[in-house]
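Colleague: Starting off with a structure, shown below.
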Amino acid sequence: MRCPYCGSSDLIWDYQRGEVVCARCASVIERIYVNTISHSEYDTEVRQKNLRIGEPAPKLRKATKDYLKILESIKNKNDVVIDVNAFWEYQKTGRRVKLLKRRLNTELLNDYAVRVAMDVLRKYPKLSARTDRAKIAIALLAISLVKGTKLNMALLTKKVGLSKVHIKRLEKLVLKEKAFIDELREAFNKVQ
């Protein structure tokens with residue numbers, strides 16, 4: 005079957021109206037069935053039938069409202085997510101502690117040396133009380149101290165997402181914890 009107006013064979017069957025329509029020139033080629041009711045009248049009948057009268061719209065739970073409010077506050081921040089476990093704790097207790105987290109650099113977390121440093125770091129409360137990004141920065145700083153290499157601060161700030169000032173503070177903290185560095189050195193010597 006071809007369109008008598010433009011000669012195209014691209015024809016579409018419109019199921020709602022019961023017509024065969026040319027896709028190129030949009031002319032109605034043939035009516036498959038004739039409806040006594042027009043399309044717009046049919047739509048209004050369907051809408052009238054499906055209309056709920058007297059039923060209120062479902063209300064959002066308090067938790068959903070709180071979640072949406074927090075989500076709205078962080079929508080322009082890159083790599084910031086809501087910690088689900090901390091959110092439910094917030095719903096129970098009302099304390100909003102460590103509710104937002106940044107996505108961590110998984111490449112750094114999968115590094116063997118960083119994992120060893122993180123395991124040793126857990127034993128030291130001053131160091132382990134930091135955020136996850138700060139813990140990774142502490143691990144990288146300690147690894148560079150143990151290996152005796154110079155760490156590029158600009159690259160480190162970019163990798164972990166902390167400011168240079170924050171990293172300088174962490175570096176001073178790591179230098180004060182000599183037992184941590186000694187234990188990390190022993191852990192690396194056992195591996196090698």
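Under the numbering used here, residues 5 to 196 are what the sequence shown spells out, in order. Ideal placement from N, C-alpha and C gives every residue a C-beta, glycine not left out.
Going by CA-CA distance only, name the one from 122, 136 and 130 that's closest to residue 1.
Modeller: Absent from the structure is residue 1, since the part of the chain shown begins at 5 and ends at 196.
Colleague: Can you tell me the Cα-Cα spacing of residue 105 and residue 16, whole angstroms?
Modeller: One C-alpha to the other measures close to 51 angstroms.
Colleague: So what's residue 175 in DSSP terms, helix, strand or just coil?
Modeller: In the structure shown, residue 175 sits in a helix (DSSP, three-state: H, G or I).
Colleague: Could you name the residues that DSSP lists as bridge partners for residue 86?
Modeller: In DSSP, residue 86 forms a bridge with 104.
Colleague: Would you check if the stretch 136-153 and the stretch 82-96 touch, i.e. whether three or more CB-CB distances between them fall below 8 angstroms?
Modeller: These segments do not touch.
Colleague: If you follow the alpha helix (DSSP H) that residue 186 is in, where does it begin and where does it stop?
Modeller: Segment 182-195, the alpha helix (DSSP H) holding residue 186.
Colleague: Looking only at C-alpha atoms, which of 78, 139, 138 and 172 sits nearest to residue 103?
Modeller: The option with the nearest alpha carbon to residue 103 is 78.
Colleague: With the cut-off set at 7 angstroms, would you say residue 188 and residue 124 are in Cβ contact?
Modeller: Cβ distance < 7 angstroms, so residue 188 and residue 124 count as in contact.
Colleague: Rounded to the nearest angstrom, what separates residue 66 and residue 93 at their Cα positions?
Modeller: Residue 66 and residue 93: Cα-Cα distance of roughly 14 angstroms.
Colleague: Based on DSSP bridge pairs, tell me the residues matched to residue 26.
Modeller: Answer by DSSP bridge pairing, in chain order: 15.
Colleague: When the Cα atoms are used, what is the spatial distance from residue 100 to residue 108?
Modeller: Computed Cα separation, rounded: 21 angstroms.
Colleague: DSSP puts residue 34 in a beta bridge; with which residues?
Modeller: Note: residue 34 sits in a beta bridge opposite 24.
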